[in-house]
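Numbering (the UniProt record's numbering), first residue to last: 1 to 128.
All residues carry an ideal CB built from backbone N, CA and C; glycine is no exception.
I have placed the structure first, in the form of C-alpha coordinates, so that the comments after it can refer back to it.
This is the structure:
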(Lines of atoms letter the chains of each structure in order from A and count residues from 1; the text may use other names and numbers.)
(Lines give C-alpha, C1' and ligand atoms only; values in the text may rest on other atoms or scores of the structure.)
Protein backbone atom coordinates (compact mmCIF):
# COMPACT_ATOMS: atom_id res chain seq x y z
CA UNK A 1 0.00 0.00 0.00
CA UNK A 2 1.35 3.41 -0.96
CA UNK A 3 1.60 6.01 1.81
CA UNK A 4 -0.57 9.11 1.76
CA UNK A 5 1.50 12.01 0.47
CA UNK A 6 1.10 15.73 1.10
CA UNK A 7 2.68 18.67 -0.67
CA UNK A 8 3.86 21.48 1.60
CA UNK A 9 5.43 24.79 0.56
CA UNK A 10 8.35 25.65 2.85
CA UNK A 11 10.15 28.99 2.86
CA UNK A 12 12.36 29.19 5.94
CA UNK A 13 14.12 26.85 8.33
CA UNK A 14 12.59 23.73 6.69
CA UNK A 15 14.35 24.47 3.36
CA UNK A 16 17.09 22.09 2.21
CA UNK A 17 20.29 23.08 4.04
CA UNK A 18 18.53 25.12 6.74
CA UNK A 19 18.56 24.22 10.45
CA UNK A 20 15.15 22.51 10.70
CA UNK A 21 15.25 20.58 7.42
CA UNK A 22 16.06 17.44 9.44
CA UNK A 23 12.47 17.49 10.79
CA UNK A 24 11.01 16.76 7.34
CA UNK A 25 13.99 15.01 5.69
CA UNK A 26 13.16 11.38 6.62
CA UNK A 27 9.66 11.76 5.15
CA UNK A 28 10.41 13.56 1.85
CA UNK A 29 9.51 11.86 -1.42
CA UNK A 30 10.11 14.86 -3.72
CA UNK A 31 11.40 18.46 -3.67
CA UNK A 32 10.52 21.12 -6.27
CA UNK A 33 11.45 24.82 -6.29
CA UNK A 34 8.47 27.11 -5.97
CA UNK A 35 7.01 30.55 -5.46
CA UNK A 36 3.74 31.66 -3.85
CA UNK A 37 1.92 34.95 -3.45
CA UNK A 38 2.56 36.82 -0.21
CA UNK A 39 5.10 38.70 1.85
CA UNK A 40 7.88 37.34 4.05
CA UNK A 41 8.61 38.82 7.48
CA UNK A 42 11.61 38.30 9.75
CA UNK A 43 10.60 36.93 13.16
CA UNK A 44 14.28 36.60 14.15
CA UNK A 45 15.26 32.93 14.16
CA UNK A 46 12.71 32.11 11.44
CA UNK A 47 10.46 33.82 8.88
CA UNK A 48 6.70 34.27 8.68
CA UNK A 49 4.68 34.24 5.47
CA UNK A 50 1.60 36.42 5.24
CA UNK A 51 -0.66 35.61 2.29
CA UNK A 52 -1.29 38.86 0.44
CA UNK A 53 -2.26 39.87 -3.09
CA UNK A 54 1.11 41.51 -3.65
CA UNK A 55 4.59 40.10 -3.28
CA UNK A 56 6.22 36.75 -3.94
CA UNK A 57 7.80 34.30 -1.53
CA UNK A 58 10.46 31.90 -2.81
CA UNK A 59 10.78 28.41 -1.37
CA UNK A 60 10.43 24.70 -2.03
CA UNK A 61 7.55 22.26 -2.38
CA UNK A 62 8.20 19.20 -0.24
CA UNK A 63 6.14 16.08 -0.89
CA UNK A 64 6.00 14.24 2.43
CA UNK A 65 4.23 11.35 4.13
CA UNK A 66 1.53 11.87 6.75
CA UNK A 67 4.23 11.43 9.43
CA UNK A 68 6.20 14.23 7.78
CA UNK A 69 3.18 16.54 7.82
CA UNK A 70 2.65 15.73 11.52
CA UNK A 71 6.32 16.46 12.29
CA UNK A 72 6.08 19.82 10.50
CA UNK A 73 2.79 20.63 12.28
CA UNK A 74 4.56 20.05 15.59
CA UNK A 75 7.54 22.24 14.62
CA UNK A 76 5.24 25.05 13.45
CA UNK A 77 3.06 24.91 16.56
CA UNK A 78 0.01 24.00 14.48
CA UNK A 79 -2.90 21.95 15.77
CA UNK A 80 -5.95 21.45 13.55
CA UNK A 81 -8.75 23.56 14.99
CA UNK A 82 -6.35 24.91 17.63
CA UNK A 83 -7.23 28.26 19.20
CA UNK A 84 -3.62 29.20 20.02
CA UNK A 85 -1.68 28.19 16.91
CA UNK A 86 1.36 30.28 16.09
CA UNK A 87 0.84 29.45 12.40
CA UNK A 88 -2.19 28.31 10.45
CA UNK A 89 -1.94 25.69 7.71
CA UNK A 90 -3.73 26.81 4.53
CA UNK A 91 -3.93 25.71 0.87
CA UNK A 92 -1.98 27.70 -1.76
CA UNK A 93 -1.07 27.43 -5.42
CA UNK A 94 2.33 28.00 -6.96
CA UNK A 95 2.63 31.18 -9.03
CA UNK A 96 4.43 29.61 -11.99
CA UNK A 97 3.73 25.85 -12.07
CA UNK A 98 0.75 23.55 -11.64
CA UNK A 99 1.64 22.77 -8.01
CA UNK A 100 -0.49 23.33 -4.93
CA UNK A 101 -0.55 22.25 -1.34
CA UNK A 102 -0.29 23.37 2.24
CA UNK A 103 1.72 26.26 3.64
CA UNK A 104 2.12 27.56 7.19
CA UNK A 105 1.06 31.21 7.39
CA UNK A 106 1.29 33.89 10.04
CA UNK A 107 -1.63 36.17 10.90
CA UNK A 108 -1.20 39.61 9.29
CA UNK A 109 -1.97 41.27 12.65
CA UNK A 110 0.99 39.50 14.32
CA UNK A 111 3.36 40.34 11.44
CA UNK A 112 2.49 44.06 11.34
CA UNK A 113 5.41 45.10 13.61
CA UNK A 114 7.98 42.73 12.04
CA UNK A 115 10.61 43.73 9.46
CA UNK A 116 9.76 42.81 5.87
CA UNK A 117 12.18 40.59 3.91
CA UNK A 118 12.02 42.48 0.57
CA UNK A 119 13.60 39.68 -1.50
CA UNK A 120 10.86 37.24 -0.47
CA UNK A 121 13.65 34.71 0.15
CA UNK A 122 14.78 33.52 3.59
CA UNK A 123 18.11 32.42 2.11
CA UNK A 124 18.70 35.93 0.71
CA UNK A 125 17.27 37.87 3.66
CA UNK A 126 20.50 39.77 4.29
CA UNK A 127 20.82 41.00 0.70
CA UNK A 128 19.40 44.31 -0.47
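- With contact defined as three or more Cβ pairs closer than 8 Å, the stretch 55-66 and the stretch 18-28 are in contact.
- It is roughly 20 Å from the alpha-carbon of residue 38 to the alpha-carbon of residue 45.
- Put simply, of 74, 127, 95 the residue whose alpha carbon is nearest the alpha carbon of residue 54 is 95.
- For the 8 Å CB-CB criterion, residue 34 and residue 60 form a contact.
- Residues of the same chain with a CB within less than 8 Å of the CB of residue 77, apart from the 5 flanking positions on each side, are 85, 86, 87 in chain order.
- Considered as a whole, the UniProt domain "Gamma-glutamylcyclotransferase AIG2-like" (8-123) harbours 28-37, 39-42, 47-50, 56-65, 88-93, 100-105 as its complete beta strand (DSSP E) runs of no fewer than 3 residues, in chain order.
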